[in-house]
Structure formats: structure tokens, C-alpha cells
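Have a look at the structure below before the remarks.
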Amino acid sequence: MLKPALALIGLSLAATPLAAQYAAFHSGPVYTQFGRIADVTTTMAIPADAEFAVVFDTSTQAEPGEINRTIDSAARFINMHVAAGVPPENIRIAVVVHGQAAFDMTNAERYGAHYDGAENVNVAAVEALVANNVQIIVCGQTAAYYEIDVEYLLPGVDMALSAMTAHALLQQDGFTVNPF
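Under the numbering used here, the first residue of the sequence shown is numbered 901, with each subsequent residue one higher.
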């Protein structure tokens, strides 16, 4: 009887730091339903005139019922920097999507067919990002492989010839690749 009680105490103590860490995160100023951020005391100042042009890359699909991690990261990037004082108009973000992650950018019909009728919870996040001028670009080669026609893409999601093409064009336009 004592062993199970001690085990429960141990588990609750181990979970306490995780709960405290998660509690440090809150909604951001641009996206309130995703892209949670933490306030941080920094020693690396962001110049007042900083401009960002960052492309995120994803090939990892979200589990049904979850928001794609890279979509969430793009929103977090925007939320963090706007909260830190960077004007939203100084932040340009693109997300290049390939591999199985392409299904996260599809409408209810195509997503449901691929995931046994599951609802695509990425829809609201993609709509919010696109409404704030985030470019979301699906690899055409991936789309051809997975039979994702352009009409299956969520509104505002573009299709490039390939992810390689999208990255090359974005880099020519001054975007840097976020390695995370």
C-alpha cells in the first residue's frame, strides 16, 4: 500500500516542473489560439528597425486532431517578435510544405479521405496565418505523389513546382531558412 502511494507522490513531483514550465507560456498578441510564447529576459537586443524574412520547412504531418508543429512555430515566431516590439509589417514568413505534411494543408474532403473521416484542425490556423500574409506553399512534386490536386488545398495555400523551387525563389527574395 505504501509503494503505490510513494509512486504517485514521485510522479506528481516529477510532473510539477513540467507544469510550471508550460504555465510560463501564454497567448501571443497576434495569434491567441496557437503559437504560445513565454516572456524572456534577453541579453541579445532586437534592433528597433529589425526586419525578418524567414521560411519554415515541414515534411512532418501532425497527428489527426493536432495542429502541425511547424504551422504553430511560424505563429510563435510572429507572436514572439511582435510581443518584443517588432512591427508586424517588418515580419515576412513563409512555410514550405512537403511530404506527408501536405495533407495538413488540404480541405475537409481530401483530409477526411486520407484520415478516415477525421477533421483537419489545421484549417483555422492556416486561415489565420494566410490572413496575416504568411505564405504557405505546398510542394507540387509531393502533391502529385499523394494525389493532392490544387483544388484540395486550403484557401490561400499555394502550390509550387517543388519545395526546392519554393526555397530557391524565397531565398532570392531575401528569406532565410529557420533551422528549427
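Every residue gets a Cβ at the ideal spot worked out from N, C-alpha and C, and that includes glycine.
Since this is a predicted model, take the numbers as computed values, not measurements.
In the DSSP assignment, the residues bridged to residue 1058 are 1037. Taking every protein chain shown into account, the CB of residue 991 has 16 or more other CB atoms within 10 angstroms, so this residue is buried. Here DSSP, grouped into helix, strand and coil, assigns residue 969 to helix.
Closest option to residue 1027, judged by alpha-carbon separation, among 1006, 959 and 982: 1006. Where residue 1028 is concerned, there is no enclosing beta strand (DSSP E), although the alpha helix (DSSP H) around it starts and stops at 1022–1031. Scanning its chain for C-beta atoms nearer than 6 Å, with the 5 sequence neighbours on each side dropped, one finds around residue 997 the residues 958, 1005 and 1038, in chain order.
Proximity to residue 987 across 953, 975 and 949 peaks at 949, based on C-alpha coordinates.
Residues of the same chain with a CB within less than 6 Å of the CB of residue 930, apart from the 5 flanking positions on each side, are 978, 979 and 982 in chain order.
For residue 1069, no pairing in a beta bridge is given by DSSP.
Cβ contact annotation for residue 924 (same chain, cutoff 6 Å, sequence separation greater than five): 938, in chain order. Remark: three or more beta-carbon pairs, one from each stretch, lie closer than 8 Å, so the stretch 1034–1048 and the stretch 1061–1073 are flagged as touching.
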